[in-house]
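Chemist: Take a look at this one; I'll ask things after.
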Amino acid sequence: LVAMRRMASDALTIGLLCGVGLGLVIGSCAGPLLGVFAVDATVGQHALSYVRVRAVGLPLVLLTTAAQAVCLGDRDSKTPVFAILAAGVANVLGDAALVPRYSAAGAAAATVLAQILGAAVLLVVLRRRQLRLPAGIGERSFLPLGLAARAGPGPFMTVPSRRASRRFLALALPVFLALLGKIVFINSLTVAASGVGTVGLAVHQIVFNQFNFFCKAGDSLGAAAQAYLPAAFVKGGGGSGEPRGAPARRLILRMVRLSASWGVVNAALASLLPLLLAAVFTSDPAVQAGVGTVALQMAVGLLLHCTTLTLEGVILASGSGKWLAKVYWVNSVLFAGGLWLSVRRWPGLPTVWMAMMLFQGVRLAEFSWRTREDHWRQSANVSP
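If you want my numbering, it's the position in the sequence shown, counting the first as 1, plus 162.
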């Protein structure tokens with residue numbers, strides 16, 4: 163318990179510091195990075211304002227991610243959900259208040275303010291838990307978040323030791339590289355979409371935002387797998403004569419079935435929104451028509467995404483982060499290169515979103531194979 167609490171404290175500090183560094187890099191390099199996209203000067207200026215304001219909130223993003231992980235590690239999934247809902251409501255209200263006056267910068271500011279609220283909710287809950295634990299557990303014991311027990315409530319976060327930093331780096335670097343590979347491919351979609359004109363880029367932004375909204379279901383299931391599977395891994399058979407690893411396999415199967423059902427609901431809702439509520443997203447008839455041309459690809463991508471992210475969480479919980487990082491980089495390089503060649507031959511957003519759909523399908527096949535190898539085939543090999 164002491165080691166886990168100290169790790170939680172270190173995670174919050176590392177998350178905050180990494181967010182500060184990332185925010186500085188993105189804020190200072192926003193101009194050259196946005197120059198990659200083929201957009202007119204007016205759109206580019208709005209995008210630059212948006213990115214620079216959002217960069218201010220990056221420390222909160224990574225701090226919130228670390229705090230959510232601490233809650234999930236404590237088997238508390240309600241607090242992160244409440245924080246996300248509160249931030250979402252605040253973001254909508256902020257958009258309504260700030261966008262009419264400040265345009266893209268107002269939208270970014272509304273998001274940053276919502277992130278402040280979400281982070282505050284999580285940190286207040288963690289601090290209250292810290293204060294409720296008794297002091298005096300032992301001579302060198304610590305309360306949650308690395309606080310020495312004999313020192314009273316003390317500071318909320320601690321600076322990790324060199325040993326702890328190396329341990330975090332060993333665990334986090336493969337995950338970071340995997341996410342970076344994923345980001346490379348996602349950004350290649352936007353680069354490709356920027357080449358089809360302002361209307362096409364507007365369509366892509368609307369569809370991409372819808373896709374990200376519905377992706378939260380898969381993201382939450384992946385986080386749940388990382389939080390709950392380790393306990394199942396350490397269990398033996400659940401009954402007399404039951405093979406080792408059976409509890410983990412049962413949990414994986416339940417999560418996969420849930421994710422498949424959730425994916426069907428996601429795909430249905432996402433495909434109906436552009437048809438029934440197109441005017442909510444844009445009043446431009448050309449943009450409305452463009453959304454309809456890629457709605458099917460978006461829906462199929464979401465259908466696959468929930469199960470894909472669930473299995474990604476299983477792989478991370480199984481300690482296969484290095485394998486995941488390698489796969490993401492291979493996939494991203496191949497898909498980004500293939501997309502570049504494809505849009506030259508078949509320009510248009512349907513090609514871009516077909517690449518996104520195929521990316522989800524390939525990931526699902528790869529992650530399914532890895533999960534089967536780790537939890538079914540290996541179990542068969544060691545069974546008596």
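Glycine included, each C-beta is placed from N, C-alpha and C at the ideal position. These numbers were taken from a predicted model, which means no experiment stands behind them.
If I measure Cβ to Cβ from A340 and keep anything under 6 Å in the same chain, skipping five residues before and after, which residues do I get?
Modeler: These residues qualify, in order along the chain: L486, A487, Y490.
Chemist: Starting from the Cα of A393, find the closest Cα among R506, P409, D381, G384 and give me that residue.
Modeler: For A393, the nearest C-alpha among the options comes from P409.
Chemist: Any idea what DSSP makes of V358, helix, strand or coil?
Modeler: Residue state, collapsed to three classes: coil.
Chemist: Shortest alpha-carbon distance to V418 belongs to which of L473, I477, C377, V358?
Modeler: Comparing Cα-Cα distances from V418 to each of L473, I477, C377, V358, the minimum goes to L473.
Chemist: Mind listing, in chain order, the continuous alpha helix (DSSP H) runs of no fewer than 4 residues lying wholly within the region 364-446?
Modeler: Complete alpha helix (DSSP H) runs here, min 4: 408-438, 440-443.
Chemist: Are the region 469-484 and the region 449-458 in contact at 8 Å, needing three or more beta carbon pairs?
Modeler: Cβ pair count under 8 Å is below three, so no.
Chemist: Alpha carbons only, please: which of G384, G407, V462 is nearest the one belonging to A429?
Modeler: Looking at the Cα atoms, V462 is the closest of the given residues.
Chemist: With a threshold of 8 Å on Cβ separation, who are the neighbours of P512 within its own chain once the five nearest residues in sequence on each side are excluded?
Modeler: The answer, listed in chain order, is T455, V456, Q459.
Chemist: Would you call the region 273-283 in contact with the region 244-258, where contact means no fewer than 3 C-beta pairs closer than 8 Å?
Modeler: Enough Cβ pairs lie closer than 8 Å, so yes.
Chemist: Counting beta carbon pairs with one atom in the region 212-219 and one in the region 363-383, are three or more of them shorter than 8 Å?
Modeler: The region 363-383 vs the region 212-219: no contact.
Chemist: Note down, in chain order, each residue of its chain lying with its Cβ closer than 8 Å to the Cβ of K344, except the 5 sequence neighbours on either side.
Modeler: Excluding positions up to five away in sequence, the list reads Y490, S494.
Chemist: Would you report the Cα separation of L195 and I348, rounded to the nearest angstrom?
Modeler: Cα to Cα, L195 sits roughly 15 Å from I348.
Chemist: Within a Cβ cutoff of 7 Å, which residues of the same chain sit near G362, ignoring the five residues on either side of it in sequence?
Modeler: Same-chain partners within the cutoff: A355, G452, L511.
Chemist: Can you tell me the Cβ-Cβ gap for A245 and L284, rounded? I've got them flagged as a contact below 8 Å.
Modeler: Right, the Cβ-Cβ distance comes to about 5 Å (below 8 Å), so this counts as a contact.
Chemist: Quick test of your reading: F376 and L464, contact by CB under 8 Å. State the CB separation rounded to the nearest angstrom.
Modeler: Confirmed, Cβ separation roughly 5 Å.
Chemist: CB-CB under 8 Å to P509, same chain, minus the five flanking residues each way: which ones, in chain order?
Modeler: Closer than 8 Å at the Cβ level, and outside the excluded window around P509, lie G357, V358.
Chemist: For G177 and R507, what's the separation of their Cα atoms in angstroms?
Modeler: Approximately 43 Å, taken between the alpha carbons.
Chemist: When you compare the CB positions of H208 and A269, do they come within less than 7 Å of one another, or not?
Modeler: No, they are not a contact pair.
Chemist: Less than 7 Å between the beta carbons of A387 and V476, yes or no?
Modeler: Their beta carbons are under 7 Å apart, which means A387 touches V476 by this criterion.
Chemist: At what residues does the alpha helix (DSSP H) containing S494 begin and finish?
Modeler: It spans 483-507 - the alpha helix (DSSP H) in which S494 sits, taken as one unbroken run.
Chemist: Which parts of the region 180-267 are runs of the alpha helix (DSSP H), unbroken and 4 residues or longer, counting only runs that do not cross its ends?
Modeler: Correct list: 203-218, 220-235.
Chemist: Taking all protein chains shown into account, decide if R328 is buried (16 or more other Cβ within 10 angstroms of its Cβ) or exposed.
Modeler: When all chains shown are included, R328 counts as exposed.
Chemist: Where do the N-terminal and C-terminal ends of the alpha helix (DSSP H) with R532 fall, by residue?
Modeler: Per DSSP, R532 belongs to the alpha helix (DSSP H) from 511-534.
Chemist: Between the Cα of T241 and those of Q522, L225, S421, V287, spot the shortest distance and give me the residue it belongs to.
Modeler: When only C-alpha atoms are compared, the closest one is V287.
Chemist: With I114 and L220 assumed to form a contact (beta carbons below 8 Å), what rounded beta-carbon distance in angstroms separates them?
Modeler: Any property of residue 114 remains undetermined from this structure, which presents the chain solely from 163 to 546.
Chemist: When we look at the beta-carbon of D446 and count the other beta-carbons within 10 Å, is it buried (16 or more) or exposed?
Modeler: Exposed, because fewer than 16 other Cβ atoms sit within 10 Å of the Cβ of D446.
Chemist: Would you tell me roughly how many angstroms separate the C-alpha atoms of T352 and Q292, rounded to the nearest one?
Modeler: Rounded to whole angstroms, T352 to Q292 spans 43 Å at the Cα level.
Chemist: Rounded to the nearest angstrom, what separates L496 and A259 at their Cα positions?
Modeler: One C-alpha to the other measures close to 43 Å.
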